[in-house]
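Going down the list, the sequences are from chains A and B. Start counting the first sequence at 1; every next residue gets the next number (my numbering). Start counting the second sequence at 433; every next residue gets the next number (my numbering).
There are 2 protein chains.
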Amino acid sequence: MKPVKVGICGLGTVGGGTFNVLSRNAQEIARRAGREVIITQVACRRDNPNCDTSGTAVTRDVFDVARNPEVDIVVELIGGYEVAKELVLEAIKHGKHVVTANKALIAVHGNEIFAAAKAAGVTVSFEAAVAGGIPIIKTLREGLASNRIQWLAGIINGTGNFILTEMRDKGRAFEDVLKEAQALGYAEADPTFDVEGIDAAHKLTILSSIAYGIPLQFDKCFTEGITKIAREDVEYAEELGYRIKHLGISRRYANGIDLRVHPTLIPERNMIAKVDGVLNAVMTCGDAVGTTLSCGRGAGAEPTASSVIADIVDLVRSFDMPAHARVQALAFSELSDYRILPIEEVSSAYYLRMAAVDKAGVLAKIATILSEKGISIEALIQKEPAADATTAPVIMLTQQVQEKTMNEAISAIEALDVIQGKVTRIRVEQLN
Amino acid sequence: MKPVKVGICGLGTVGGGTFNVLSRNAQEIARRAGREVIITQVACRRDNPNCDTSGTAVTRDVFDVARNPEVDIVVELIGGYEVAKELVLEAIKHGKHVVTANKALIAVHGNEIFAAAKAAGVTVSFEAAVAGGIPIIKTLREGLASNRIQWLAGIINGTGNFILTEMRDKGRAFEDVLKEAQALGYAEADPTFDVEGIDAAHKLTILSSIAYGIPLQFDKCFTEGITKIAREDVEYAEELGYRIKHLGISRRYANGIDLRVHPTLIPERNMIAKVDGVLNAVMTCGDAVGTTLSCGRGAGAEPTASSVIADIVDLVRSFDMPAHARVQALAFSELSDYRILPIEEVSSAYYLRMAAVDKAGVLAKIATILSEKGISIEALIQKEPAADATTAPVIMLTQQVQEKTMNEAISAIEALDVIQGKVTRIRVEQLN
């Protein structure tokens, strides 16, 4: 069999990892793929000192790879939106299959890219775009193909999980841990994508499309970051038997699907509550299989390369397959038009924390507001005021209620003269 | 596209589940597979009251299905060795692809079956044979295709895990929990396969072949059950910061691969130590991806059906593929002849428990024997003798040492006149 020729665009962390793993494990990969996979060309702005490219053609222009008639598969690892999109479309135009690790690109421009690929009869693969080395795209598209997926939930941003883990384990403050994460190279200099949940929203958008067979709709994903999580919330959650994790969650309802990224209280006995540090994990619930969990490294050079190369091997197999038989980009041959529910229509249980003036009757006022809205209180902690404080923290867990109703209740509570400042609200999920 | 026609042999728990999920989710499955999948014939000794087979041809002879010219894929769910083997070979002879959930069949007769399938140009798929609904075969064969797998470890028998979990959580004795597991239908009337580790050894044999690309060698798998685990061992393990799990473990060394099923102490902080009840979980370590864990239901009608049908969908895709491009049964186009190490050559850390006569100098004698063998003690618990006892339990964790050396040390310790009865030995793994 003729070897398959790969062109790698971008030789940064993931590009370098892909180059090295493809070189190091060439023999095992060929024994699995049934054909040799060789790197024909590499495009990078600068050399990667960890990669020995002396035997490989190197160009500074990524478009050289997209147009190289020798290349069968273009691997896009340059990141970002604009040039990456242009590059992928150019590769498709030249009849190349594409492998990418670019979640932002797929979440935002995926519909357009998949349409172009379908028209050209090529495949765009993106296992590495979600949860790094965990083959969760494959699991959802193929491993659970017989299931009607009911919901999924994932820790899909390692930086955020590292920060929350440190806050819990060591009682540290958010800002403090963020600085360390940046020093360790986990978080970018501009950490917005990680801590504001944008990166997780990209990944959740992709996972949900595949799970339910719906178009990518990143703009409809509700996104809340972890920047407002206080150390005391982590501690109170613990006192109530919960952990706080930054989750991407989506669920199928009779009237639509929700897509949301936010900090979430999860019972500490739940497996995903125990996924700590930079690890990623995705839980899925299918009607046949029940709940499954996959856990592993969600980022880093070689874990991500592991998924990039798995895609390459799958592509090699599909070369001789008719297009109709190939796995569809978003898992389904025809997509559904389920409505994406606005967060106001989503129901959830809630953790609430507020500062109440230390007076008789305060709790009665709060309880009356909740009761009038039909919201039941599941658990309550009322602390004594600290020595120098005039307010005492009141913490409660509510039963499930629609976000819209909770918003009204919170507004009413905040309007009470015995409540100081804003009410902190964190959603609660059981995930079982 | 023409529908794909499936014949189901066996309509027990898994057969019934497969029949029902294929019927219930027919539309979603067709949207994923790109073709309709229909059940053309069912063979069963007796009807399953949970399945409405009124619209399906039913035969009492499974060989009717294997020979039915209308059937594309034969699904073998009758279990056992002899008839199942005959059935699968007959189906292959008639040019059918086969899907089976039969771990015993694959572990023991897989090499012969795969050779026959290769010669006939058909595929035998067996995702459901290991870890029920968890798509671990697909993960190893495809999702981690770029990795050199270093080791794997799994909780791959739900009954055993249920028993050990109950022993720990409720301080119950082995025999007592086994009776309950039988009453709940988790354990067979003859529980030997579960509690003696034979079922786990079947599954480990299959996983290891796929991980390292070696022929199936069930007869070389070292197997030790959980029947000798005492409640006190569970408690002492806990005191030392460990959990006892019944694991299948295999690892790649410079001079071969080990294959072993035995009770194992694992640090309680390890994710797999937290997998409780009837759940299954498999950890794998690849050189690129690092350690990953997949967890879910390892048995039951619909979780197992989930994997059976995933195999069917994969087969549907591969119909138009040339044989060389298909995923190989044991992942690799050519198998390796790594030596399977006998347990005596395997190194492990150990938990030891012994009953020592309550006299001065006992510990010195034990320590001297271990020291002469070059075995270091990592941790030690010496308890006071119970009120009515003349001996006191001594518990220790050792550093890593070859099994052969540990056997010699244990013999020497048992020969001491201050030691009563046998030394209990449980292997210890860190799995990180």
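No residue lacks a Cβ here, since even glycine has one placed at the ideal position from N, Cα and C. Remember, it's a predicted structure, so these values are computed and weren't measured experimentally.
Could you give the first and the last residue of the continuous alpha helix (DSSP H) run that contains A/T205?
I198 to Y212
When burial is assigned at 16 or more other CB atoms within 10 Å of the CB, is A/T192 buried or exposed?
exposed
Of all the options A/S371, A/Y350 and A/K383, which has the alpha carbon lying nearest to the alpha carbon of A/E429?
A/Y350
Chain B contact for A/E268 (CB, 8 Å cutoff):
no
Taking only three categories from DSSP, how would you classify A/R32?
helix
Using only alpha-carbon positions, find the residue among A/Q41, A/A66 and A/L397 that is nearest to A/G55.
A/Q41
Going along the chain, which unbroken runs of the beta strand (DSSP E) with 3 or more residues stay wholly within the segment 252 to 287 of chain A?
256 to 267 and 279 to 286
Shorter than 8 Å from the beta carbon of A/K170 to some beta carbon of chain B?
no
Name the residue from A/P135, A/H94 and A/A145 whose alpha carbon lies nearest to the alpha carbon of A/A120.
A/H94
Here's the rule I'm using: 16 or more other beta-carbon atoms within 10 Å means buried, otherwise exposed. How should B/R857 be labelled?
buried
Within the same chain, show all residues whose beta-carbon is closer than 8 Å to that of A/L279, passing over the 5 residues directly before and after it, in chain order.
I155, G158, N161, C295, G296, R297 and G298
Contact set for B/T637: own chain, Cβ-Cβ below 8 Å, skip 5 residues either direction
A539, L648, Q649, F650, C653 and L691
Cβ neighbour criterion (16 or more within 10 Å) applied to B/P481
exposed
Along the chain, where does the beta strand (DSSP E) containing A/I419 start, and where does it finish?
I419 to V428
Considering only their Cβ atoms, is the gap separating B/F495 from B/E522 smaller than 8 Å?
yes
Pairwise C-alpha distance: B/N702 and A/A131:
20 Å
Taking C-alpha atoms, which residue in A/Q328, A/E70, A/Q399 and A/E384 lies nearest to A/K118?
A/Q328
Hey, B/L386 and B/I510: beta-carbon distance below 8 Å or not?
In this structure chain B extends from 433 to 864, so residue 386 of chain B is not present and cannot be described.
Which residues of chain B have a Cβ atom closer than 8 Å to the Cβ of A/T100, listed in chain order?
By Cβ distance, chain B contributes nothing, its closest Cβ being about 16 Å from A/T100, past 8 Å.
With a Cβ-Cβ cutoff of 8 Å, do B/N534 and B/C483 count as a contact?
no
Per DSSP, B/R729 is paired with what?
B/L711
Same chain, Cβ closer than 6 Å to B/F558, neighbours up to 5 away in sequence not counted
T532 and I538
Neighbour-count burial assignment, A/G286, 16 or more Cβ in a 10 Å radius
buried
Identity of the residue in A/A104, A/L330 and A/E403 nearest A/I214 by Cα
A/L330
Run through DSSP, which three-state label would A/Y236 get?
helix
Would you mind telling me which residues of chain A sit closer than 9 Å to B/D504, beta carbon to beta carbon, in chain order?
Within chain A, no residue comes near B/D504; the closest Cβ sits about 14 Å away, beyond 9 Å.
Min CB distance B/S640 to chain A below 8 Å:
no
If you drop the 5 nearest sequence neighbours on each side, which residues of the same chain put their C-beta closer than 8 Å to that of B/S640?
L584, I646, S682, I689 and L691
Closest to B/T837 by CA distance: which of B/S578, B/G466, B/S780 and B/E664 is it?
B/S780
Alpha carbon to alpha carbon, how far is B/L802 from B/I851? Give it in angstroms, no decimals.
14 Å
Give a yes or no on whether the C-beta atoms belonging to A/I266 and A/L293 are separated by under 8 Å.
no
Does DSSP put A/L363 in a helix, a strand or coil?
helix
DSSP bridge partner residues for A/H97 (one or two, in chain order):
A/I73
Could you list which residues in chain A have their beta carbon closer than 7 Å to that of B/G718, in chain order?
S306
What is the rounded straight-line gap between the Cα of B/V627 and the Cα of B/V446?
21 Å
Identify the contact partners of B/H756 in chain A, using a Cβ-Cβ distance below 9 Å as the criterion.
M1, G34, R35 and D320
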